[in-house]
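These notes are about the structure you will find just below.
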Amino acid sequence: MNKPRFGLIARIATLVLLIEIIACGLLGFFYVQRFSQAEMDRLHAQLRLFAQLVAQENLPISAVSDGAMLRAFIGVPCEQAMIIGQGGWVIAALDPALLGQSAASLPGDDPAWAAGSGGERFRAWDDHLSYTALLRAANGAPLYILRLTVNSAEINHQRLAIILRGLALAGLVVVLGSLAILLMTRAMITRRLDRSLDVLLRIENGDLSSRIEVPVADELGRLQDGINSMTATIGALVGQHRRNEEEITAILDAIADGVLAVGLDGRILRCNPSAARLLGANADALAAQDFAACLPALAARLPAAWQQAGSAGEAEILVELPRPPGEPREAEASHAPILDQSGAVLGGVLVLHDITERSKTERRLQDAVERLTVSNTELERFAYVASHDLQEPLRTIVSFTQLLERRWGESLPGEAREYSGFVIDAAKHMRLLITDLLTYSRVNSKSSRQEVLPLEDCCEAALRNLHESLQESGGAVTLADLPWVRGDKIQLIQLFQNLIGNALKFRRPGVAPRVTVSARRLDDAWQVDVADNGIGIDAGGQDVFEIFNRLQARQVYPGSGVGLAICKRIVQKHGGAIWYDSQPGQGTIFHVTLPLSGARE
Numbered sequence: 016m017n018k019p020r021f022g023l024i025a026r027i028a029t030l031v032l033l034i035e036i037i038a039c040g041l042l043g044f045f046y047v048q049r050f051s052q053a054e055m056d057r058l059h060a061q062l063r064l065f066a067q068l069v070a071q072e073n074l075p076i077s078a079v080s081d082g083a084m085l086r087a088f089i090g091v092p093c094e095q096a097m098i099i100g101q102g103g104w105v106i107a108a109l110d111p112a113l114l115g116q117s118a119a120s121l122p123g124d125d126p127a128w129a130a131g132s133g134g135e136r137f138r139a140w141d142d143h144l145s146y147t148a149l150l151r152a153a154n155g156a157p158l159y160i161l162r163l164t165v166n167s168a169e170i171n172h173q174r175l176a177i178i179l180r181g182l183a184l185a186g187l188v189v190v191l192g193s194l195a196i197l198l199m200t201r202a203m204i205t206r207r208l209d210r211s212l213d214v215l216l217r218i219e220n221g222d223l224s225s226r227i228e229v230p231v232a233d234e235l236g237r238l239q240d241g242i243n244s245m246t247a248t249i250g251a252l253v254g255q256h257r258r259n260e261e262e263i264t265a266i267l268d269a270i271a272d273g274v275l276a277v278g279l280d281g282r283i284l285r286c287n288p289s290a291a292r293l294l295g296a297n298a299d300a301l302a303a304q305d306f307a308a309c310l311p312a313l314a315a316r317l318p319a320a321w322q323q324a325g326s327a328g329e330a331e332i333l334v335e336l337p338r339p340p341g342e343p344r345e346a347e348a349s350h351a352p353i354l355d356q357s358g359a360v361l362g363g364v365l366v367l368h369d370i371t372e373r374s375k376t377e378r379r380l381q382d383a384v385e386r387l388t389v390s391n392t393e394l395e396r397f398a399y400v401a402s403h404d405l406q407e408p409l410r411t412i413v414s415f416t417q418l419l420e421r422r423w424g425e426s427l428p429g430e431a432r433e434y435s436g437f438v439i440d441a442a443k444h445m446r447l448l449i450t451d452l453l454t455y456s457r458v459n460s461k462s463s464r465q466e467v468l469p470l471e472d473c474c475e476a477a478l479r480n481l482h483e484s485l486q487e488s489g490g491a492v493t494l495a496d497l498p499w500v501r502g503d504k505i506q507l508i509q510l511f512q513n514l515i516g517n518a519l520k521f522r523r524p525g526v527a528p529r530v531t532v533s534a535r536r537l538d539d540a541w542q543v544d545v546a547d548n549g550i551g552i553d554a555g556g557q558d559v560f561e562i563f564n565r566l567q568a569r570q571v572y573p574g575s576g577v578g579l580a581i582c583k584r585i586v587q588k589h590g591g592a593i594w595y596d597s598q599p600g601q602g603t604i605f606h607v608t609l610p611l612s613g614a615r616e
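Structure below.
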């Protein structure tokens, strides 16, 4: 900002002085003009009055020859005075040499003009004024012609004197007025401006509580009041900014992950205590430090990523944190650019998530998964071998027991035949348990082969497997408009075979089973309902999906108690859920959710 050569008061005083000088000059000019005109009018009036007195004989015609009397009467020196008679001869004159001369030979107005016009005439040149008048008697008859010539230089001298006095007075008025305006300006403006400047300097130094005292609500007062309002607004904004800064600091301090703000020049602009802890440094020491010195491998990648339009950063960048030897630590870094309102990149923000413990846990978990995989493989092999080896003795038991019944059935006591039936039933139930256990084991251990398929095909395949049960029970199954789903075909067939098979098995005496399979669309899945008119379920708080959990006596409703456990496991492997609604004696509805196909709905 350029500093002016003169202060505000000096510039105001100079401006006022110029205005006063111009005003005084204009006033003096008009005053002198008015004075000159007034003096000239007065001189004309005196000349007319002298002519009237001579015409009325109040003054003798010889008065024109008395120079002292003429000066006293007119007020200025008279250079020439004469009275011309009717014949055109000078009959009285200030200069005796003019007596008896013809007026026509003298310089001045022609006496014939005065006789013809009957009026008067004033003529002015240089410093002279000539007055010529026709003097008449009381009855209007012309008497004489009066001719006076006066020197008006004295009037000009008086005018000059008045001008000088006026200029002196104007100068005094200008000086006093300027001094008064200067003092008033200093009292009314400068002091108030100085006080305002002092307050503004305090505000500049951070004292936003300072206010300017406004004594008068004038223009300057409104300006001061505006400064006070602006200061209050700035104070409110600064206070809000300080509170926001405190909130941001509190939030950053509370975040367990390390957060760093980095400029385009690679300098750390801000960091929270967690970042300082992860980097093994003090938060104050990290401020303004080069980020490349902390994480050089990551620093080389970030600026280019931030400059990419619309870059949201990479969510998973594994970095090794600088720690003392023997304490290796890993972090997951995510970053994003910091943009201004125009979209220009100002820098970036980096979040460091310590994954050292998670990595250890993942490695331990991976080791456990590998051991579990080996164990599952061995268990599956054992289950297969065990089931095969167990079924052989069962087949032998059943075969030889049936052989005994055929060969010596008639000779066996009734109790022995009964015991033989118990052995055969137990062996068959054991075989069913082994078969269902094998199925349950395969569902748990075997990976599913997912594909998009029509659910109706799976249900129809299940019905083909249940053909004998349908014939025996006289039941009917209705397949409503079923959707396409994503799943393992073999497992889905097993799922609906078990559900429909249970509906056919747990029927009311004397009532043919009726089963309906329908579906409805949810937000992100299909809900498939299998409804029957059977005996219903009275679980009594038991989990019907628990393996080997039976609610009915095996002698009344045969089974292994594994079927619903297999259904639950199949549904879980497909990412769905299974539950039921039931009214004992009226029927049951099993609900199953299956994922959308993503191709054909």
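Sequential numbering of the sequence shown, starting at 16, is according to this note's numbering. Where is the CB? At the ideal position from N, CA and C, for every residue including glycine.
Next on the checklist: Within the continuous alpha helix (DSSP H) that includes residue 511, where are the two ends?
Outcome noted: Here residue 511 is taken as the residue at index 496 of the sequence shown, counted from 1. Residue 511: member of the alpha helix (DSSP H) spanning 504-520, first to last residue.
Next on the checklist: Rounding to the nearest angstrom, what Cα-Cα distance links residue 385 and residue 374 in this structure?
Outcome noted: Reading the sequence shown from its first residue, position 370 is the one you call residue 385. Reading the sequence shown from its first residue, position 359 is the one you call residue 374. Whole-angstrom Cα-Cα distance: 16 Å.
Checklist entry - Can you tell which of 367, 352, 366 has its C-alpha closest to the C-alpha of residue 360? => result As a working mapping, residue 360 is identified with position 345 in the sequence shown. When each option's Cα is compared against that of residue 360, the closest is 352.
Next on the checklist: DSSP three-state label for residue 262, please.
Outcome noted: On the sequence shown, residue 262 is found 247 positions in, with the first residue counted as 1. In this structure, DSSP gives residue 262 a helical state, which the three-state scheme calls helix.
Checklist entry - Between residue 521 and residue 551, what straight-line distance do the alpha-carbon atoms span, to the nearest angstrom? => result As a working note, residue 521 is residue 506 in the sequence shown. As a working note, residue 551 is residue 536 in the sequence shown. Between the C-alpha atoms of residue 521 and residue 551 there is a straight-line separation of about 8 Å.
Checklist entry - Who are residue 589's beta bridge partners in DSSP? => result Stepping through the sequence shown from its first residue, residue 589 is reached at position 574. Its beta-bridge partners do not exist; DSSP assigns none.
Checklist entry - Under the rule that 16 or more other beta-carbon atoms within 10 Å means buried, what is residue 138, buried or exposed? => result Taking the sequence shown and counting its residues from 1, one reaches residue 138 at position 123. So residue 138 counts as exposed.
Checklist entry - DSSP state of residue 377, grouped into three classes? => result Looking up residue 377 in the sequence shown gives position 362. Reduced to three states, the DSSP call for residue 377 is helix.
Checklist entry - Does the distance from the C-beta atom of residue 223 to that of residue 249 stay below 8 Å? => result The residue labelled residue 223 in the question sits at position 208 within the sequence shown. The residue labelled residue 249 in the question sits at position 234 within the sequence shown. Closer than 8 Å, so yes.
Next on the checklist: Could you tell me the alpha carbon to alpha carbon distance between residue 527 and residue 391, rounded to whole angstroms?
Outcome noted: Position 512 of the sequence shown, counted from the first residue, corresponds to residue 527. Position 376 of the sequence shown, counted from the first residue, corresponds to residue 391. Computed Cα separation, rounded: 43 Å.
Checklist entry - Considering only residues of the same chain and omitting the five flanking positions on each side of residue 16, which have a CB-CB separation below 8 Å? => result Residue 16 sits at position 1 when you count from the first residue of the sequence shown. For residue 16, the pLDDT reaches just 42, beneath the cut-off of 50, and the residue's location in the model is therefore unreliable, although a value from the coordinates is still provided. Here the set comprises nothing.
Checklist entry - Whose C-beta lies closer than 8 Å to the C-beta of residue 229 among residues of the same chain, with five residues either side of it excluded? => result Counting from one through the sequence shown, the residue named residue 229 turns up at place 214. Hits under 8 Å: 236, 239, 240, 243.
Next on the checklist: Can you tell me where the beta strand (DSSP E) holding residue 486 begins and where it ends?
Outcome noted: Counted from its first residue, the sequence shown places residue 486 at position 471. First-last for residue 486: 482-488, but that is the alpha helix (DSSP H), not the beta strand (DSSP E).
Checklist entry - So residue 87 packs on residue 96, CB below 8 Å; how close in whole Å? => result Stepping through the sequence shown from its first residue, residue 87 is reached at position 72. Stepping through the sequence shown from its first residue, residue 96 is reached at position 81. Actually they do not touch by this definition, with Cβ atoms about 13 Å apart.
Checklist entry - So which of 486, 368, 469, 561 has the shortest CA-CA distance to residue 610? => result Taking the first residue of the sequence shown as position 1, residue 610 is located at position 595. Ranked by how close their Cα comes to the Cα of residue 610, the residues 486, 368, 469, 561 have 469 in first place.
Item to check | Nearest-angstrom Cα separation, counted from residue 310 out to residue 252 | outcome: For the purposes of this step, residue 252 is taken as the residue at position 237 of the sequence shown. For the purposes of this step, residue 310 is taken as the residue at position 295 of the sequence shown. Roughly 37 Å separates the two Cα atoms.
Item to check | Continuous alpha helix (DSSP H) assignments of at least 4 residues falling wholly in the region 191-254 | outcome: Along the region 191-254, the alpha helix (DSSP H) occurs as fully enclosed runs of 4 or more residues at 206-219, listed in sequence order.
Item to check | Nearest residue (CA-CA) to residue 365, options 80, 234, 289 | outcome: The residue given as residue 365 occupies position 350 in the sequence shown. That would be 289, whose Cα lies nearest to the Cα of residue 365.
Checklist entry - Of all the CB atoms in chain B, is at least one closer than 8 Å to the CB of residue 117? => result Structure shown: chain B not included; a single protein chain is present.
Item to check | Inter-residue Cα distance where the pair is residue 262 and residue 210 | outcome: For the purposes of this step, residue 262 is taken as the residue at position 247 of the sequence shown. For the purposes of this step, residue 210 is taken as the residue at position 195 of the sequence shown. Using only the alpha carbons, I get a separation of about 37 Å.
Item to check | Residue of 45, 475, 577 minimising C-alpha distance to residue 558 | outcome: Stepping through the sequence shown from its first residue, residue 558 is reached at position 543. Cα-wise, what sits closest to residue 558 is 577.
Next on the checklist: Quick check on the burial criterion: 16 or more other C-beta atoms within 10 angstroms. Buried or exposed for residue 506?
Outcome noted: If you number the sequence shown from 1, residue 506 lands on position 491. Residue 506 is buried by the Cβ-count criterion.
Next on the checklist: Measuring alpha carbon to alpha carbon, tell me which residue in 493, 464, 436 is nearest residue 478.
Outcome noted: By one-based count along the sequence shown, residue 478 stands at place 463. Nearest neighbour of residue 478 by Cα position, chosen from 493, 464, 436, turns out to be 493.
Checklist entry - Near residue 268, which residues of its chain fall below 7 Å by C-beta distance, leaving aside the five closest residues on each side in sequence? => result Taking the first residue of the sequence shown as 1, we reach residue 268 at position 253. Excluding positions up to five away in sequence, the list reads 287, 288.
Item to check | Helix, strand or coil at residue 166 [DSSP, three-state] | outcome: Here residue 166 refers to the residue found at position 151 of the sequence shown. The DSSP-derived three-state label of residue 166 is strand.
Checklist entry - Pairing CB atoms from the region 186-195 with CB atoms from the region 212-227, are three or more of them under 8 Å? => result Contact between the region 186-195 and the region 212-227 is absent: fewer than 3 CB-CB pairs across the two stretches fall below 8 Å.
Checklist entry - Is it buried or exposed for residue 54, if we count other Cβ within 10 angstroms and need 16 for buried? => result As a first step, residue 54 must be located in the sequence shown, where it is residue number 39. Classified as buried, residue 54 has 16 or more neighbouring CB atoms from the shown chains inside 10 Å of its CB.
Item to check | residue 530 - partner residues in DSSP beta bridges | outcome: Within the sequence shown, residue 530 is the residue found at index 515, counting from 1. 492, 547, per the DSSP bridge assignment.
Item to check | Bridge partners - residue 292, DSSP secondary structure assignment | outcome: Position 277 of the sequence shown holds residue 292. The partner list for residue 292 (beta bridge, DSSP) is empty, contrary to what the question assumes.
Item to check | First and last residue of the uninterrupted alpha helix (DSSP H) at residue 86 | outcome: In the sequence shown, counting from the first residue as 1, residue 86 sits at position 71. That run of the alpha helix (DSSP H) goes 82-89.
Item to check | For residue 75, three-class secondary structure by DSSP | outcome: Residue numbering aside, residue 75 sits at position 60 when the sequence shown is read from its first letter. Reduced to three states, the DSSP call for residue 75 is coil.
Checklist entry - Quick one: Cα of residue 130 to Cα of residue 172, how far? => result Residue numbering aside, residue 130 sits at position 115 when the sequence shown is read from its first letter. Residue numbering aside, residue 172 sits at position 157 when the sequence shown is read from its first letter. The predicted position of residue 130 is uncertain, since its pLDDT is 46 and thus under 50; no value can be drawn from it.
Checklist entry - With DSSP run on the structure shown, which of helix, strand or coil describes residue 306? => result Counted from its first residue, the sequence shown places residue 306 at position 291. In this structure, residue 306 counts as helix in the three-state DSSP scheme.
Checklist entry - When the Cα atoms are used, what is the spatial distance from residue 68 to residue 141? => result For the purposes of this step, residue 68 is taken as the residue at position 53 of the sequence shown. For the purposes of this step, residue 141 is taken as the residue at position 126 of the sequence shown. Going from the Cα of residue 68 to the Cα of residue 141 covers about 28 Å.
Next on the checklist: Here's the rule: buried if 16 or more other CB atoms are within 10 angstroms of the residue's CB, otherwise exposed. What is residue 325?
Outcome noted: For the purposes of this step, residue 325 is taken as residue 310 along the sequence shown, with counting starting at 1. Caution applies to residue 325, whose pLDDT of 47 falls short of 50 and renders its modelled position unreliable; the model cannot decide the point.
Item to check | Continuous alpha helix (DSSP H) stretch holding residue 142: start and end | outcome: As a working mapping, residue 142 is identified with position 127 in the sequence shown. Per DSSP, residue 142 lies in no alpha helix (DSSP H) segment and is marked neither H nor E.
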